[in-house]
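Student: Start counting the sequence shown at 105; every next residue gets the next number (this note's numbering).
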Amino acid sequence: MSTATTIVCFFSDSPAGRAAVEVTALQARTRDAGIVLLDAYTRQPPASQAAKDAATRLEEDGLEVEMVLGGTHRSAGTAAVWLADERNAAALVLGLRRRSPVGKLVLGSDAQDALLGADCPVIAVKAHED
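(1) In angstroms with no decimal places, state the Cα-to-Cα distance between G175 and D143.
(2) Spatial neighbours of A183 within its chain, please: CB distance less than 7 Å, with the 5 preceding and 5 following residues excluded, ordered by chain position.
(3) How would you write the range of the alpha helix (DSSP H) that E168 sits in, first residue to last?
(4) For Q148, does the count of other Cβ atoms within 10 angstroms reach 16, so buried, or fall short, so exposed?
(5) Taking a contact to mean a Cβ-Cβ separation below 8 Å, would you say G199 touches E170 in this structure?
(6) Using the beta-carbon count (16 or more within 10 Å), is D217 buried or exposed?
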């Protein structure tokens, strides 16, 4: 990827993951940045079809995209933190699921790993209400 500024998107095939892609695209345009799309829950090739589709949409919008798989990290959240650090990312974008009042007491472990472990700014988004 030749772009100096990079936004890492923690992608999952969910409404929250798709919302993260939308915000990543906005951030990339605003910052004139490339995107590293982390197919967080796919550990071995090939990438998931949903991640491929997301990357294609971003590229069709004129954005520079590189896809990376979750790999051998302990968790998807750890993979996101490692990748953001490795690429010296300007930001890490991730989607958060809506939770019940009881569920709000505990944040998902992958999201928590990313929010607490990243050295760069983390942008957490929720899916749109239908």
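The C-beta atom is built at its ideal place from N, Cα and C for all residues, glycine as well.
Tutor: Judging by the given coordinates:
(1) By 1-based counting over the sequence shown, the position of residue 175 is 71. By 1-based counting over the sequence shown, the position of residue 143 is 39. Inter-residue distance for G175 and D143 is about 9 Å (C-alpha atoms, whole angstroms).
(2) By 1-based counting over the sequence shown, the position of residue 183 is 79. Same-chain partners within the cutoff: L142, A144, G174, G175, H177.
(3) Taking the first residue of the sequence shown as position 1, residue 168 is located at position 64. Segment: none, E168 is in no alpha helix (DSSP H) and carries neither H nor E.
(4) Locating residue 148 in the sequence shown gives position 44, counting from the first residue. Exposed, because fewer than 16 other Cβ atoms sit within 10 Å of the Cβ of Q148.
(5) Within the sequence shown, the letter at position 95 stands for residue 199. Within the sequence shown, the letter at position 66 stands for residue 170. For G199 and E170, no; Cβs fall outside 8 Å.
(6) Within the sequence shown, numbered from 1, the residue matching residue 217 stands at position 113. So D217 ends up on the buried side.
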